[in-house]
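Enquirer: Line by line, the protein sequences give chains A and B. Counted the way our numbering counts, the first sequence spans residues 998 to 1097. Counted the way our numbering counts, the second sequence spans residues 998 to 1097. Ideal placement from N, C-alpha and C gives every residue a C-beta, glycine not left out. Could you have a look at this structure, given as structure tokens, before my questions?
There are 2 protein chains.
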Amino acid sequence: MFVHTVFFWLKHPEKQADRDALRAGIETLRDIEHMDAAYIGVPADTRRPVIDHSYDFSITFVFADQHAHDAYQEHPMHLKFVENCAHLWERVRVYDAVGH
Amino acid sequence: MFVHTVFFWLKHPEKQADRDALRAGIETLRDIEHMDAAYIGVPADTRRPVIDHSYDFSITFVFADQHAHDAYQEHPMHLKFVENCAHLWERVRVYDAVGH
């Protein structure tokens, strides 16, 4: 099992059009066939000192293994998303985990 | 849908006994009945500038909603895990996301 988690911080979080565009872009990733489960989210209302709720969008994509993840990374729809949307984010932070 | 993601950094990553103890503690969380999916991992071999692979363990627990997540937080097995294992970690970082 391979869990690919990404947090996105918008360059202009005050611009609703940017927010909408990034969300729309992220939603296209869900259709890529290599993943077993896909979760797209925004920060919950939970607040504790250990919680980072500063991001704008999160994705949690679960793959069978790293091979499936690697195929996703190279998938034309993923590459197109990066090409179309990279200008919208200030920062992304990725956590890749293998386990069960 | 509510995704609760936690990254753990060991206080003494060089101590295998600490690593084993934290992993064993994390594994007990999987049995808590409030979650729909549970993934426990360690950093993958992927390396890109945007990837943070500095953590020791990750959990990605998926709940139907925040109510289920809140019940998990208060579950005796979760509280016991924190009581037993908190001394093992230097830092935890939590990301809670709501979405679909």
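Three or more C-beta pairs closer than 8 Å, one from the stretch 1065-1077 of chain A and one from the stretch 1006-1016 of chain B: is that the case here?
Expert: With a cut-off of 8 Å, the stretch 1006-1016 of chain B and the stretch 1065-1077 of chain A do not count as touching, because too few Cβ pairs lie within range.
Enquirer: Is the Cβ of A/MET1074 closer than 9 Å to any Cβ of chain B?
Expert: A/MET1074 does not count as touching chain B.
Enquirer: Looking at C-alpha atoms only, which residue of B/ARG1027, B/VAL1047, B/ASP1017 and B/HIS1031 is the closest neighbour of B/ALA1068?
Expert: For B/ALA1068, the nearest C-alpha among the options comes from B/HIS1031.
Enquirer: Note down, in chain order, each residue of its chain lying with its Cβ closer than 7 Å to the Cβ of A/PHE1005, except the 5 sequence neighbours on either side.
Expert: So the list reads LEU1019, TYR1052, ASP1053, PHE1054, TRP1086 and VAL1089, once near-sequence residues are dropped.
Enquirer: In three-state terms, what does DSSP make of A/VAL1089?
Expert: DSSP places A/VAL1089 in strand when its eight states are reduced to three.
Enquirer: Is there at least one Cβ from chain A nearer than 9 Å to B/GLN1063's Cβ?
Expert: True, the Cβ-Cβ gap to chain A drops below 9 Å.
Enquirer: A/ALA1083: buried (16+ other C-beta within 10 angstroms of its C-beta) or exposed?
Expert: It counts as exposed.
Enquirer: Check the Cβ of A/PRO1010 against every Cβ in chain B and list those closer than 7 Å, keeping chain order.
Expert: Within chain B, no residue comes near A/PRO1010; the closest Cβ sits about 16 Å away, beyond 7 Å.
Enquirer: Quick one: what's got a C-beta closer than 8 Å to A/ALA1041's C-beta in the same chain, skipping five residues either side?
Expert: Same-chain partners within the cutoff: HIS1050.
Enquirer: If distances are taken between C-alpha atoms only, which option among A/GLU1080, A/ALA1021 and A/ASP1093 comes closest to B/PRO1046?
Expert: Checking every option, the nearest Cα to that of B/PRO1046 belongs to A/ASP1093.
Enquirer: My output table needs one value for A/THR1043: the three-state DSSP class, helix, strand or coil.
Expert: It is coil, neither helix nor strand.
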